[in-house]
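Undergrad:
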Amino acid sequence: MLNFLPGPVLFILSLSLLIINTALWGSLVCLGGLVKILMPVQGARNAITALMNRFMWAWACCNGGILYLIAKIEWDVQGLDGLDKNSWYLLISNHLSGFDIAAQTYVLRNHIPMLKFFLKKELIYVPIMGLGCWALDMPFMDRTSPAKLKKNPKLRGKDLATTRRACEKFKNMPTSIINYVEGSRFTEDKRQRQDSPYQYLLRPKAGGIAFTLSAMGEQFTNLLDMTIVYPDAPEDILFGVMNGKVSKIIVRINALPVPQVDATRYFSDSEYRVEFQRWLNQVWAEKDQQIHALLQTHQNVNNKAENPNNTQAS
Numbered sequence: 569m570l571n572f573l574p575g576p577v578l579f580i581l582s583l584s585l586l587i588i589n590t591a592l593w594g595s596l597v598c599l600g601g602l603v604k605i606l607m608p609v610q611g612a613r614n615a616i617t618a619l620m621n622r623f624m625w626a627w628a629c630c631n632g633g634i635l636y637l638i639a640k641i642e643w644d645v646q647g648l649d650g651l652d653k654n655s656w657y658l659l660i661s662n663h664l665s666g667f668d669i670a671a672q673t674y675v676l677r678n679h680i681p682m683l684k685f686f687l688k689k690e691l692i693y694v695p696i697m698g699l700g701c702w703a704l705d706m707p708f709m710d711r712t713s714p715a716k717l718k719k720n721p722k723l724r725g726k727d728l729a730t731t732r733r734a735c736e737k738f739k740n741m742p743t744s745i746i747n748y749v750e751g752s753r754f755t756e757d758k759r760q761r762q763d764s765p766y767q768y769l770l771r772p773k774a775g776g777i778a779f780t781l782s783a784m785g786e787q788f789t790n791l792l793d794m795t796i797v798y799p800d801a802p803e804d805i806l807f808g809v810m811n812g813k814v815s816k817i818i819v820r821i822n823a824l825p826v827p828q829v830d831a832t833r834y835f836s837d838s839e840y841r842v843e844f845q846r847w848l849n850q851v852w853a854e855k856d857q858q859i860h861a862l863l864q865t866h867q868n869v870n871n872k873a874e875n876p877n878n879t880q881a882s
């Protein structure tokens, strides 16, 4: 490991390796996408998609190797038992940093299908990225703007039908879809501006997860509630990781039953929407308490390590 090197040197080294890793596997995924476009047989296209997912798996593994090289990170992970790469999962998580995706794909790479994200349809036209995401079968969504929905509420049904068509391919292909329900990375400033009732989280938004469950809820084996914590990281977590300043990453995964969402009622009945939001708020309240307990335990362990001779008076 090279964590004895000065921070600026580690940053340059880690940035270079991450760029090379992403460029290598991203290029192979895009090449597979070009082949997939020209392939008329659906079975062959599915085989190419499976290969592209292996490339994403390799990208995640190499990210782990880079982390091992630049930093001495302790991974404290619980909740992987019972997960299955041949099942279907909807994963929700708190969101702290641009590093979250790399950490989560690395932790989950051998336990569930590679993570997929719902993307705006406009992103398919972005050079390289759009082709790569399409090759990986990321679902592209045609979301109608709130202004148009207000003028014509019937368009909600069109969005749902479009999403269901995009997810048809997942019926016979084990899939994991991740949703950051806070809608943004956590910062203390955002928490205060939201007047969030949570100490470590932003307010969760129920619309995205409800839309996903409405479109393909019957396909999911479990809802995975994932909590990620960097107990000793600086404010800029990604920068801290790349400088070798992060020594521990805590991950907790809780498999929950999949909530059933009636699309017709959710989009037409305000009380039904409020009830679903209450459920999500409760999940978030428990996550907030869990984060607090994890940080407290970490701090207590550090205090004992720094002061081994101190004993608490009885």
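Residue numbers (my numbering): 569 to 882. Every residue, glycine too, gets a C-beta built ideally from N, C-alpha and C.
Answer with buried or exposed for Phe572, where buried requires no fewer than 16 other C-beta atoms within 10 angstroms of its C-beta.
TA: Classification of Phe572: exposed, given that the 10 Å Cβ count is below 16.
Undergrad: Nearest CA to the CA of Gly650: which residue from Ala823, Ala831, Glu756, Asn631?
TA: Ala823
Undergrad: Using three-state DSSP, classify Asn747 as helix, strand or coil.
TA: strand
Undergrad: With distances taken Cα to Cα, identify the nearest neighbour of Pro772 among Glu843, Asn662, Ser815, Ala703.
TA: Asn662
Undergrad: Can you tell me the Cα-Cα spacing of Ser752 and Gly808, whole angstroms?
TA: 20 Å
Undergrad: Three-state secondary structure (DSSP) at Leu651?
TA: Here Leu651 sits in coil by DSSP.
Undergrad: What residue from Ala626, Val819, Cys630, Arg677 has the CA that sits closest to Leu585's CA?
TA: Cys630
Undergrad: Does the Cβ of Leu602 have 16 or more other Cβ atoms within 10 Å, making it buried, or fewer, making it exposed?
TA: exposed
Undergrad: Considering only the beta carbon of each residue, do Ile680 and Ser764 sit closer than 7 Å?
TA: Contact: no.
Undergrad: Provide the residue span of the beta strand (DSSP E) that contains Ala639, from first to last.
TA: Counting along the chain, Ala639 falls outside any beta strand (DSSP E), and DSSP gives it neither H nor E.
Undergrad: In whole angstroms, give me the CA-to-CA distance for Gln857 and Asn871.
TA: 21 Å
Undergrad: With DSSP run on the structure shown, which of helix, strand or coil describes Ala823?
TA: strand
Undergrad: Below 7 Å CB to CB, which residues in the same chain sit around Met706 once its five sequence neighbours on both sides are set aside?
TA: In the same chain as Met706, and ignoring 5 residues on each side of it, the C-beta atoms closer than 7 Å to its own belong to Lys684, Phe685, Leu687, in chain order.
Undergrad: Does the Cβ-Cβ distance between Ala542 and Val814 come in under 7 Å?
TA: It is not possible to answer for residue 542, since the shown part of the chain is limited to 569 through 882.
Undergrad: Quick check on the DSSP output: the alpha helix (DSSP H) that includes Tyr674 runs from which residue to which?
TA: 668 to 676
Undergrad: Tell me whether the beta-carbon of Asn677 lies closer than 7 Å to the beta-carbon of Trp625.
TA: The question names Asn, but residue 677 in the sequence shown is Arg. Yes, Cβ-Cβ distance for Arg677 and Trp625 is below 7 Å.
Undergrad: Have a look at the DSSP bridge pairing and note the partners of Met794.
TA: Ser661, Ile821
Undergrad: Run the CB neighbour count on Tyr636, radius 10 Å, all protein chains shown included, and call it buried at 16 or more, exposed below.
TA: exposed
Undergrad: Classify Gly611: buried if its beta carbon has 16 or more other beta carbons within 10 angstroms, exposed otherwise.
TA: exposed
Undergrad: By Cβ distance, which residues of its chain are closer than 7 Å to Gly632, with the 5 residues on each side in sequence left out?
TA: Excluding sequence positions up to five before and after Gly632, its CB lies within less than 7 Å of the CB of Tyr674, all in the same chain and listed in chain order.
Undergrad: Whole angstroms is fine: what's the gap from Leu781's alpha carbon to Glu874's?
TA: Taking the straight line joining both Cα atoms gives about 47 Å.
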